[in-house]
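J.: Structure in structure tokens, see below.
Residue numbers (full-length UniProt numbering): 1 to 322.
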């Protein structure tokens, strides 16, 4: 009995015991100085940088809170959700029909013909798009390479059109180009879902803030050394871009994302992602006017123009680097 008691006494505390016995640490976020609380033990498990900030003899550790002045509440809230659940979600809210957000998707094209500006553009047909959409570096959340493992129609959920590379639910022909498909689809690992179409019911939804929110999460994770969150946010942004239906107006959503990534110091991988996507949609299958939509931004941002030129030159040389 004594041995049993000793063994019980000497048992190591569980992870949850460590969490509930630590007082939540306060983070003061953004210009509004919003107070956000998270258990320091959990935060420390994900970020050594934040761990040192919370427990160091420097001012943050002594005063009992840390100031994240350059972050916004939505980004920190996404991190908090990740800390507690290992995942995060960002709501995609439809903007009013006549709204122009700060990063709005109206900068690329002014027109009085709303029907024409909201019309869904085609999908890229070049090899660079295929390489981008199937890239394991970004998460393979979009189009997927064929697999040798067969999948029965009863278990398949999505299909990949070999003609236009559009992802659509199983059952019927391609919803983008109408191509008839008889063969069963290639499977996707359950842990890596295929890219859903963003808000398939409306082409007037502005997704610039939604894209930028994922980019902010990635930049936050990069800043504080949270590798798992970096991988997740990169996959989420890649997924969103692969499932994004372009229109003349919606090109502005992409331009807004590019501006955000290039107008401030940030991770090179994030810049490479948006430059690679931008190069992929430079395709007559999308629109012959795509260079016109990007012209002003290419003049303003020489670094973005250089990255785009490299991807386009690689594509012209037959390379699939993305």
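Note that beta-carbon positions come from the ideal geometry of N, C-alpha and C, so glycine has one too.
What you are looking at is a predicted structure, and each value in this text was computed from that prediction instead of being measured.
(1) Looking only at C-alpha atoms, which of 306, 265, 78, 300 sits nearest to residue 279?
(2) Can the beta-carbon of residue 29 be found less than 9 Å from the beta-carbon of residue 68?
(3) Tell me which same chain residues have a C-beta within less than 7 Å of the C-beta of residue 78, skipping the five on either side of it?
(4) Judging by CA-CA distance, which residue of 124, 233, 298 is the nearest neighbour of residue 75?
(5) If residue 139 and residue 235 are in contact, beta carbons under 8 Å, what's the gap, nearest whole angstrom?
(6) Between which two residues does the alpha helix (DSSP H) carrying residue 27 extend?
(7) With residue 219 and residue 257 assumed to form a contact (beta carbons below 8 Å), what rounded beta-carbon distance in angstroms separates them?
(8) Going residue by residue through the stretch 198-254, where are the continuous alpha helix (DSSP H) segments of at least 4 residues, counting only ones entirely within it?
(9) Please classify residue 126: is it buried, with 16 or more other beta-carbons within 10 angstroms of its beta-carbon, or exposed?
(10) Considering only residues of the stretch 63-88, which uninterrupted alpha helix (DSSP H) runs meet the minimum length of 4 residues and lie entirely inside it, listed in chain order?
(11) Please identify the residue among 286, 310, 255 whose C-alpha is closest to the C-alpha of residue 300.
(12) Could you tell me if residue 85 is buried or exposed, where buried requires 16 or more neighbouring beta carbons within 10 angstroms of its beta carbon?
(13) Residue 269 to residue 54, Cα distance in whole Å?
(14) Could you say which of 284, 249, 241, 292 lies nearest to residue 275 if we only look at CA atoms?
(15) My understanding is that residue 282 touches residue 312, with C-beta atoms under 8 Å, so please give their C-beta distance in whole angstroms.
(16) Please state the DSSP three-state secondary structure of residue 274.
(17) Between the beta-carbon of residue 50 and the beta-carbon of residue 287, is there less than 9 Å?
(18) I believe residue 26 touches residue 37 by the beta-carbon criterion, under 8 Å. Please report the beta-carbon distance rounded to the nearest angstrom.
(19) Based on DSSP bridge pairs, tell me the residues matched to residue 35.
(20) Under the rule that 16 or more other beta-carbon atoms within 10 Å means buried, what is residue 239, buried or exposed?
(21) Sorted by chain position, which residues of the same chain lie with C-beta nearer than 7 Å to residue 226's C-beta, five sequence neighbours on each side aside?
(22) DSSP three-state call for residue 285: helix, strand or coil?
(23) Start and end of the alpha helix (DSSP H) containing residue 52?
(24) Could you give the residue range of the alpha helix (DSSP H) that holds residue 317?
(25) Can you tell me the Cα-Cα spacing of residue 250 and residue 118, whole angstroms?
(26) What separation, rounded to the nearest whole angstrom, lies between the Cα atoms of residue 230 and residue 224?
(27) Distance, Cα to Cα, residue 314 vs residue 207?
T.: The relevant details are as follows:
(1) 306
(2) yes
(3) 88, 90, 217
(4) 233
(5) 3 Å
(6) Run containing residue 27: none in the alpha helix (DSSP H); it sits in the beta strand (DSSP E), 24-29.
(7) Not really, about 12 Å apart at Cβ, beyond 8 Å.
(8) 208-223, 227-242
(9) buried
(10) 73-85
(11) 255
(12) exposed
(13) 28 Å
(14) 241
(15) 7 Å
(16) helix
(17) no
(18) 6 Å
(19) 28
(20) buried
(21) 46, 47
(22) coil
(23) 48-55
(24) First-last for residue 317: undefined, no H or E at that position.
(25) 8 Å
(26) 10 Å
(27) 29 Å
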